[in-house]
Amino acid sequence: MPPRHNQCLHYDRYYITPYAILKVMPKPAPDALALIEDFVNTVDEETGEEALGTPAELGAWLVEHELADAPAFDHDDLAGAIALRENLRALLLANNGAELDPAVPAALSAAADRARLTVAIDATGRASVTPRAGGIDRVAGRLLGIVARAQAEGSWDRLKACPWHSCHVAFYDHSRNRSRTWCSMAVCGNRAKAQAYRRRT
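Under the numbering used here, the first residue of the sequence shown carries the number 1135, and numbering increases by one thereafter.
See the structure below:
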């Protein structure tokens, strides 16, 4: 599994201690959902740091995460990847109570069509959703297949995005009752509490 680069650690005006990193920040998503989490977190909305800033960076990231065999992508592919990432983020925000823009399901359905998704059965009889397209459409198909399997298995709604307006980092809700709202209570949770306090005073 490639190393994870959790963008959740960058917050202006907040010092994130080693304790917060080890004890407060959420554990990564399990299994293939970690790939969705990492993909959505390739940009830090707070600092503007972008891991997919160029076609070359996109290709390198996809190869590192075993979503592509060769880093041969162009600017149209980059635009498609960014659109896919933000549509997936919208799904994760909806998992955390936000209203889902009707354009998002339509865009993701169109991406699934371009990926030419099909159901494949392996030698053990296990079914998987597999893209038949190549290039960036195949990447989209791989990620959407993960979404479909997670929804079927009941783990999808635990993958959320932080609702704080300048954060929106993806995280996996490991709480027993699936009630976690913030990527970190030490950061965005405290921001929300401080904002609510200021409004009351």
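Glycine is no exception: its CB is placed at the ideal position from the N, C-alpha and C atoms.
*In chain order, what residues of the same chain lie with their CB nearer than 7 angstroms to the CB of Ala1206, ignoring the 5 residues before and after it?*
Cβ neighbours of Ala1206 beyond the five flanking positions: Gly1193.
*Assign Lys1161 to one of three DSSP states: helix, strand, or coil.*
Under the three-state reduction of DSSP, Lys1161 is assigned to coil, being neither helix nor strand.
*For Leu1227, the nearest candidate out of Asn1311, Ala1168 and Val1174 (CA to CA)*: With respect to the C-alpha of Leu1227, the residue from Asn1311, Ala1168 and Val1174 having the closest C-alpha is Val1174.
*If we count the other Cβ atoms within 10 Å of its Cβ and call it buried at 16 or more, is Leu1255 buried or exposed?*
Residue identity check: residue 1255 is Ile in the sequence provided, not Leu. Counting Cβ neighbours within 10 Å, Ile1255 comes out exposed, since fewer than 16 surround it.
*Report the three-state DSSP secondary structure of Asp1305 (helix, strand or coil).*
The identity of residue 1305 in the sequence shown is Phe, whereas the question assumes Asp. Per DSSP, reduced to three states, the secondary structure at Phe1305 is strand.
*asked:* I believe Asp1211 touches Pro1189 by the beta-carbon criterion, under 8 angstroms. Please report the beta-carbon distance rounded to the nearest angstrom.
replied: Correct: roughly 6 angstroms between the Cβ atoms.
*Of the choices Pro1164, Leu1201 and Pro1162, whose alpha-carbon is the least far from that of Gly1269?*
Of the residues Pro1164, Leu1201 and Pro1162, the one whose Cα lies closest to the Cα of Gly1269 is Leu1201.
*Leaving aside the five residues before and after Ile1155 along the sequence, list all residues of the same chain whose C-beta is less than 6 angstroms from its C-beta, in chain order.*
Only weak support exists for where Ile1155 lies, its pLDDT of 42 falling under 50; the coordinates are left without a value.
_C-beta contact flag for Ala1232 and Pro1297 at 9 angstroms_ = Contact annotation: Ala1232 and Pro1297 have beta-carbon atoms nearer than 9 angstroms.
*Within 10 angstroms of its Cβ, does Asp1165 collect 16 or more other Cβ (buried), or is it exposed?*
Counting the other CB atoms within 10 Å of its CB gives Asp1165 a total below 16, which places it among the exposed residues.
*Sequence-distant residues of the same chain with beta carbon closer than 6 angstroms to Ala1246, five excluded per side*: Correct list, in chain order: Leu1278.
*Provide the residue span of the beta strand (DSSP E) that contains Ser1243, from first to last.*
For Ser1243, no beta strand (DSSP E) segment is defined; the enclosing uninterrupted segment is the alpha helix (DSSP H) at Ala1237 to Ala1249.
_Classification of Arg1223 by the beta-carbon crowding that lies within 10 angstroms, buried from 16 upward_ = So Arg1223 counts as buried.
_Sub-9 angstroms separation of Ala1241 and Asn1221 beta-carbons_ = With contacts defined as CB atoms closer than 9 angstroms, Ala1241 and Asn1221 qualify as a contacting pair.
*Which whole-angstrom value describes the C-beta separation of Ser1300 and Glu1179, a residue pair presumed to lie in contact below a C-beta threshold of 8 angstroms?*
At roughly 6 angstroms, the Cβ-Cβ gap stays under 8 angstroms, so Ser1300 and Glu1179 are in contact.
_Residue environment, Asp1307, which counts as buried when at least 16 other CB atoms sit within 10 Å_ = It is buried - the Cβ of Asp1307 has at least 16 other Cβ atoms within 10 Å.
*Quick one: residues in its chain with C-beta nearer than 7 angstroms to the C-beta of Ala1282, no 5 flanking neighbours on either side, listed in chain order?*
Spatial neighbours of Ala1282 in its own chain (CB-CB distance under 7 angstroms, excluding positions within 5 residues in sequence) are listed in chain order as Val1263.
_Within the continuous beta strand (DSSP E) that includes Leu1293, where are the two ends?_
From DSSP, the beta strand (DSSP E) with Leu1293 extends over Leu1293 to Ala1295.
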